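Counted from 1, the sequence shown has number 8 at position 8 by UniProt numbering; the numbering is strictly sequential.
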Amino acid sequence: MGSVNSAVTNKQKVKLKTKKNRKIIQNWQLYIFILPALLYFIIFHYVPMYGIQIAFKDYVPSLGFLGSEWVGLKHFERFFDSYYFWDLLKNTLGISIYELIVGFPLPILLALLLNEAKDGIYKRTVQTVTYAPHFISVVVISGMIIAFLSPTTGIINHIIQFFGLEPIAFMSDPAWFKTVYVLSGVWQSTGWGTIIYLAALSGVDPQQHEAAIVDGASRFQRIIYINIPTLVPTMIILLIMNLGNIMALGFEKILLLQNPLNMESSNVIATFVYQAGLLDAQYSFAAAVGLFNAVINAILLIAVNQIARKTSETSLW
1 MGSVNSAVTN KQKVKLKTKK NRKIIQNWQL YIFILPALLY FIIFHYVPMY GIQIAFKDYV
61 PSLGFLGSEW VGLKHFERFF DSYYFWDLLK NTLGISIYEL IVGFPLPILL ALLLNEAKDG
121 IYKRTVQTVT YAPHFISVVV ISGMIIAFLS PTTGIINHII QFFGLEPIAF MSDPAWFKTV
181 YVLSGVWQST GWGTIIYLAA LSGVDPQQHE AAIVDGASRF QRIIYINIPT LVPTMIILLI
241 MNLGNIMALG FEKILLLQNP LNMESSNVIA TFVYQAGLLD AQYSFAAAVG LFNAVINAIL
301 LIAVNQIARK TSETSLW
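If you want it as structure tokens, here you go:
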């Protein structure tokens with residue numbers, strides 16, 4: 001009897017495999033379409049992972065990966081025991097959490113407001129004005145920030161002085177760096193971030209609003225009980241991705257805004273890796289710090305996804 005069941009199971013597996021192969025052949029155009037993206041990730045994200053081994057070695061370029069001496073966790077211990085470890089961690093988490101608290105809700109709010117506005121010149125103008133900063137390069141944005149916040153020639157300090165106050169040295173005061181970084185990022189990315197939420201709101205069934213209006217629901221009530229629940233799955237997915245990247249703070253703008261006077265609050269793990277790896281040529285040490293950062297991000301992503309999966313029906317996998 002057992003042999004009969006196993007034979008039936010094997011036949012079912014063969015049929016499923018044949019059916020799967022037939023579907024792949026029938027939809028070969030779709031696989032060709034995703035091939036460039038697949039090759040990109042393989043070549044630029046997976047193949048370079050071979051170099052992670054230098055985090056556990058005293059890498060010498062002339063000796064190569066295999067010829068360099070294996071030192072185990074030496075570079076990790078050096079980083080954990082260093083006097084700047086907690087400062088780097090505090091700055092990285094401080095900026096990331098600040099950015100998440102301020103920047104995450106604003107695209108949702110803007111999308112809800114734009115969704116309620118009538119189509120016309122006003123709505124298109126607001127959309128254009130809020131989307132436009134996203135297309136400005138980081139270098140130009142950083143130059144604008146430095147110019148606008150200059151204590152002598154900056155327009156912001158001219159406005160402050162107009163009201164009889166003393167000018168503020170925003171870029172040289174460590175206490176202001178996080179606020180300047182986060183608010184400039186919010187200005188640049190909020191409008192662009194609304195696109196995905198507006199796309200989700202476009203899927204709301206108009207009959208739900210019509211039924212709510214018949215029942216006497218106000219516009220605010222319809223936003224609370226119809227629009228926001230529609231956005232919740234999208235919000236959860238984006239929140240998981242943001243929390244999973246909380247340690248992966250981009251260093252480009254920080255590096256451009258950084259100077260010796262604000263280093264106390266602007267030096268983060270990403271800029272430290274750049275300094276140690278590319279400028280000081282401490283390849284193994286920088287690789288170890290970068291690997292630590294990546295592992296923490298991966299753990300956070302998996303943990304947050306599992307929590308979301310248990311508490312709601314929405315998750316990344």
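Positions of the beta carbon are idealized from the N, C-alpha and C atoms, including for glycine. If you're wondering where the values come from, they're calculated on a predicted model, not measured in any experiment.
query                                                                                                                                                                                   : result
Would you check if the region 232-242 and the region 100-118 touch, i.e. whether three or more CB-CB distances between them fall below 8 angstroms?                                     : yes
In chain order, what are the residue ranges of uninterrupted alpha helix (DSSP H) at least 4 long that sit wholly in the region 137-184?                                                : 138-148 and 155-162
How many angstroms separate the CA atom of Gly67 from the CA atom of Ala55?                                                                                                             : 14 angstroms
Throw me the rounded Cβ distance for the Leu201 and Thr230 pair, which I believe falls under 8 angstroms.                                                                               : 6 angstroms
Can you list, in chain order, the residues of its chain with a C-beta nearer than 8 angstroms to that of Ile246? Leave out the 5 residues immediately preceding and following it.       : Leu93, Ser96, Ile97, Leu100, Asn297 and Leu300
Tell me whether the region 247-266 and the region 133-143 touch, counting them as touching only if at least three CB pairs, one residue from each stretch, are closer than 8 angstroms. : yes
Using beta-carbon positions only, say whether Asn91 and Ser218 come within less than 9 angstroms of one another.                                                                        : no
By the DSSP assignment, the alpha helix (DSSP H) with Phe44 in it spans what residues?                                                                                                  : First-last for Phe44: undefined, no H or E at that position.
Just confirm the distance between the C-beta atoms of Leu249 and Val304, as a whole number of angstroms; I'd bet it's less than 8 angstroms.                                            : The Cβ separation is near 17 angstroms, so there is no contact.
When DSSP labels each residue in this structure, what does Asp81 get in the three-state scheme?                                                                                         : helix
Fully enclosed by the region 55-127, which alpha helix (DSSP H) runs are 4 residues long or longer?                                                                                     : 64-67, 74-81, 85-103 and 105-116
Alpha carbon to alpha carbon, how far is Asp87 from Ile25?                                                                                                                              : 55 angstroms
Answer yes if the region 114-133 comes into contact with the region 280-293, meaning at least three C-beta pairs across the two stretches below 8 angstroms, and no otherwise.          : no
What residue ranges within the region 182-250 form continuous alpha helix (DSSP H) runs of no fewer than 4 residues, ordered along the chain?                                           : 206-214, 219-222 and 228-244
Does any residue of chain B bring its CB to less than 9 angstroms from the CB of Glu313?                                                                                                : This model lacks chain B altogether, as it is built from one protein chain only.
Which of helix, strand or coil does DSSP assign to Ser265?                                                                                                                              : helix
Tell me whether Leu38 counts as near the ligand COA, meaning its Cβ is closer than 8 angstroms to at least one heavy atom of that ligand.                                               : No copy of the ligand COA appears in this structure; indeed no ligand is present at all.
Quick check: the Cα distance between Val186 and His134, rounded to an integer number of angstroms?                                                                                      : 10 angstroms
Out of Ala308, Arg309, Ser284 and Arg124, which has the shortest C-alpha to C-alpha gap to Leu73?                                                                                       : Ser284
Just how far apart, CA to CA, sit Val4 and Tyr31?                                                                                                                                       : Low local confidence applies: a pLDDT of 48 at Val4 is under 50, so the model's placement there is unreliable, with the coordinate-based value given in what follows. Each residue's Cα considered, the two are about 37 angstroms apart.
Out of Tyr59, Tyr46, Ile228 and Gln306, which one is the CA nearest neighbour of Met241?                                                                                                : Gln306
For the alpha helix (DSSP H) containing Leu307, name the first residue and the last one.                                                                                                : Checking the sequence shown, residue 307 turns out to be Ile, not Leu. Tyr283 to Thr311 is the extent of the alpha helix (DSSP H) around Ile307.
Would you please state the rounded distance, in angstroms, between the beta carbons of residue 331 and Gln53? I believe it to be under 8 angstroms.                                     : Any question about residue 331 goes unanswered here, given that the chain covers just 1 to 317.
So, helix, strand or coil for Asn21, using DSSP?                                                                                                                                        : helix
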